[in-house]
């Protein structure tokens with residue numbers, strides 16, 4: 001099956017919504033995507049589409065949105081967060097998700113994005129160069145430190161080492177996703 005990875009279009013939005021609702025246990029991811037679009041905070045949104053006659057069917061979706069990093073001294077740095085990533089159940093485990101991540105990161109090569117974060121499987125995202133954010137002294141503002149799996153799942157890909165300060169346990173760099181992530185029910 002041939003799949004084309006391209007920028008999402010408005011005509012894809014209903015299929016993306018259906019895909020996200022099918023891929024995740026609740027409606028939150030679909031709501032987050034709609035809120036990010038409405039706030040013009042969908043920095044990069046791609047779909048994997050398969051041509052079926054004169055119609056394309058969306059089989060995968062990935063979104064990158066703004067993330068803010070704040071040092072203990074109050075200095076702010078802006079990067080992107082990867083997610084959600086969704087792949088239609090009929091084509092899972094065939095490499096389409098990895099192709100979507102790779103395509104998204106390739107698009108970002110041409111933008112001055114110093115870092116990308118993701119909340120996901122450390123084993124999966126390591127193949128793209130993501131490392132635990134905690135190893136740099138970075139932490140997600142929603143992580144209270146009482147769940148080691150959550151801490152391990154929050155990862156970072158540094159794209160510009162000179163612009164990304166190290167934090168420490170006592171003075172972490174704290175990262176916040178766009179407010180849309182808190183608005184979804």
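In the numbering used here, the protein residues as written are 1 to 185.
C-beta: ideal position from N, C-alpha, C; glycine also.
The count of Cβ pairs closer than 8 Å, one atom from the stretch 146 to 159 and one from the stretch 97 to 104, stays below three, leaving the stretches out of contact. The C-alpha of residue 154 lies about 34 Å from the C-alpha of residue 56. Going by DSSP, residue 175 is part of no alpha helix (DSSP H) but of the beta strand (DSSP E) stretching over 173 to 177. Nearest to residue 32 by C-alpha distance, out of 82, 167, 116 and 50, is 82. If the five residues before and after residue 13 are omitted, its C-beta is found closer than 6 Å to no C-beta atom of its own chain. Under DSSP, residue 96 shares a beta bridge with no residue. Partner residues in the beta bridge of residue 66, as assigned by DSSP, are 80. Separation of residue 126 and residue 29 (C-alpha to C-alpha, rounded to the nearest whole angstrom) is 23 Å. When DSSP states are grouped into helix, strand and coil, residue 122 belongs to the helix group.
One alpha carbon belongs to residue 113, the other to residue 50, and they sit about 30 Å apart.
Counting C-beta atoms within 10 angstroms of its own C-beta, residue 2 has fewer than 16 neighbours from the protein chains shown and is therefore classed as exposed. The stretch 123 to 156 is shown to contain whole beta strand (DSSP E) runs of 3 or more residues at 138 to 140, in chain order. Residue 4 has 49 as its beta-bridge partners, per DSSP.
A residue is called buried when at least 16 other Cβ atoms come within 10 angstroms of its Cβ; residue 79 meets this threshold and is buried. By the beta-carbon neighbour count (other beta carbons within 10 angstroms, threshold 16), residue 52 is exposed. Taking a C-beta distance under 9 Å as the contact criterion, residue 4 and residue 74 do not qualify as a contact pair. Under the DSSP assignment, residue 10 falls outside any alpha helix (DSSP H); it carries neither an H nor an E label.
Judged by DSSP in its simplified three-state form, residue 24 adopts coil rather than helix or strand.
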